[in-house]
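Visitor: According to mature numbering (1 follows the signal peptide of the UniProt record, and there is no 0), the sequence shown holds residues -27 to -1, 1 to 177 in order. Here it is, the structure in full.
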Amino acid sequence: MKIFTHSVCWLVTLSITIAAVSNDVLGEDFSQGTGAWCWISSCIDKNARTLWMVFTGKGLEITWYFVTCIMFFFVKGYMWKQRRRHNRRHFSQVSERLRAEDENYLYLWLIGYCLRIWGTCRFFLYALRRHTDNPLSHLDSTDEVFLHLQSFGDSAQAFCTCILFCFFDKTTRHHLYIKLCCKKSDEEELRPIITEQTNINYSV
């Protein structure tokens, strides 16, 4: 399953990149409002430019919105059934390979939504202005707010993911504490005792 997942993720993005390079659509966009889509050249037709923006970035992102949302409700529905049928309230009770903290990762999509949705809103606003030839000047202040939120959100993804994976995870937090404070783990402290007891048993 891991090989399949990695293959799909890498091959899809690689195919999109090869297609964009082959059609010579990569380049600098001199439009002031694009920002995050500056890899699509402004030298091509505006309709083609919007299509390539969707194909090389926003289309995958919007697909990710729907897929992760569907998967979230699917898993939550499964957990709800387990809770009603078998009184299993945590991931660790469903499978031995899961921990109770793993349930936190279900909300990773929600963090992505909150951080990335502003760029998507700006993209639709940008496309509307371009294809209707309407400057929509009354939305300039809204676009400026979206711009600041997008600048923060796109840069904060790694930071927020680090908080979720490192500081909200008890196991990872414990390992970080041991490494940073140069302390021995419980396993390392017990190892000499176990070794000594084993040697005594062998000598007897």
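We put the CB at the ideal spot given by N, CA and C, even for glycine. Owing to the predicted nature of the structure, the values given are computational and were not obtained by experimental measurement.
Kindly indicate the opening and closing residues of the alpha helix (DSSP H) around lysine 31.
Guide: The residue you call residue 31 lines up with position 58 of the sequence shown. Element bounds for lysine 31: n/a, residue is neither H nor E.
Visitor: With burial defined as no fewer than 16 other Cβ atoms inside 10 Å of the residue's Cβ, what is the status of glycine 50: buried or exposed?
Guide: Numbered from 1 along the sequence shown, position 77 holds the residue referred to as residue 50. With fewer than 16 Cβ atoms within 10 Å of its Cβ, glycine 50 is classed as exposed.
Visitor: Measuring CB to CB, does glycine 85 end up less than 9 Å from threonine 29?
Guide: Residue 85 sits at position 112 when you count from the first residue of the sequence shown. Residue 29 sits at position 56 when you count from the first residue of the sequence shown. No, the pair does not count as a contact, with Cβ atoms beyond the cut-off.
Visitor: Just confirm the distance between the C-beta atoms of glutamate 34 and aspartate 142, as a whole number of angstroms; I'd bet it's less than 8 Å.
Guide: Numbered from 1 along the sequence shown, position 61 holds the residue referred to as residue 34. Numbered from 1 along the sequence shown, position 169 holds the residue referred to as residue 142. Glutamate 34 to aspartate 142, Cβ: 26 Å. No contact.
Visitor: State the beta-bridge partners of isoleucine 13 as determined by DSSP.
Guide: As a position in the sequence shown, residue 13 is number 40, starting the count at 1. For isoleucine 13, which the question treats as bridged, DSSP gives the partners Leu(-2).
Visitor: So histidine 111 is in the alpha helix (DSSP H); what residue range does that whole segment cover?
Guide: Position 138 of the sequence shown holds residue 111. Element bounds for histidine 111: n/a, residue is neither H nor E.
Visitor: To the nearest angstrom, report how far apart isoleucine -25 and proline 108 are at their CA atoms.
Guide: For the purposes of this step, residue -25 is taken as the residue at position 3 of the sequence shown. For the purposes of this step, residue 108 is taken as the residue at position 135 of the sequence shown. Each residue's alpha carbon lies about 47 Å from the other.
Visitor: Looking at the unbroken alpha helix (DSSP H) that takes in isoleucine 151, where does it start and where does it end?
Guide: As a position in the sequence shown, residue 151 is number 178, starting the count at 1. Note, isoleucine 151: alpha helix (DSSP H), 143 to 153.
Visitor: Less than 9 Å between the C-beta atoms of cysteine 139 and arginine 146, yes or no?
Guide: The count along the sequence shown starts at 1 and reaches residue 139 at position 166. The count along the sequence shown starts at 1 and reaches residue 146 at position 173. In contact: cysteine 139 and arginine 146 (Cβ atoms closer than 9 Å).
Visitor: Please report how far the alpha carbon of tryptophan -18 lies from the alpha carbon of alanine -9, in whole angstroms.
Guide: On the sequence shown, position 10 is the one that residue -18 refers to. On the sequence shown, position 19 is the one that residue -9 refers to. Near 14 Å, if we compare the C-alpha coordinates of alanine -9 and tryptophan -18.
Visitor: Does the Cβ of tyrosine 99 have 16 or more other Cβ atoms within 10 Å, making it buried, or fewer, making it exposed?
Guide: Taking the first residue of the sequence shown as 1, we reach residue 99 at position 126. Result: buried.
Visitor: Looking at methionine 52 and tryptophan 82, is the spacing between their C-beta atoms short of 9 Å?
Guide: As a working mapping, residue 82 is identified with position 109 in the sequence shown. As a working mapping, residue 52 is identified with position 79 in the sequence shown. Cβ atoms of tryptophan 82 and methionine 52: not closer than 9 Å.
Visitor: Rounded to the nearest angstrom, what separates aspartate 116 and asparagine 77 at their Cα positions?
Guide: Taking the first residue of the sequence shown as 1, we reach residue 116 at position 143. Taking the first residue of the sequence shown as 1, we reach residue 77 at position 104. So the two alpha carbons sit approximately 33 Å from each other.
Visitor: Work out the CA separation of arginine 95 and aspartate 2 for me, nearest whole Å.
Guide: Counted from its first residue, the sequence shown places residue 2 at position 29. Counted from its first residue, the sequence shown places residue 95 at position 122. Going from the Cα of aspartate 2 to the Cα of arginine 95 covers about 15 Å.
Visitor: Where does the unbroken alpha helix (DSSP H) through aspartate 84 begin, and where does it stop?
Guide: Translated into positions along the sequence shown, residue 84 becomes position 111. The amino acid at residue 84 is misidentified as aspartate; the sequence shows isoleucine. Unbroken alpha helix (DSSP H) run through isoleucine 84: 81 to 105.
Visitor: Count the other CB atoms within 10 Å of the CB of arginine 57; is the residue buried (16 or more) or exposed (fewer)?
Guide: Locating residue 57 in the sequence shown gives position 84, counting from the first residue. Result: exposed.
Visitor: Since arginine 89 contacts glycine 126 with CB under 8 Å, what's their CB separation in whole angstroms?
Guide: As a working note, residue 89 is residue 116 in the sequence shown. As a working note, residue 126 is residue 153 in the sequence shown. Confirmed, about 6 Å.
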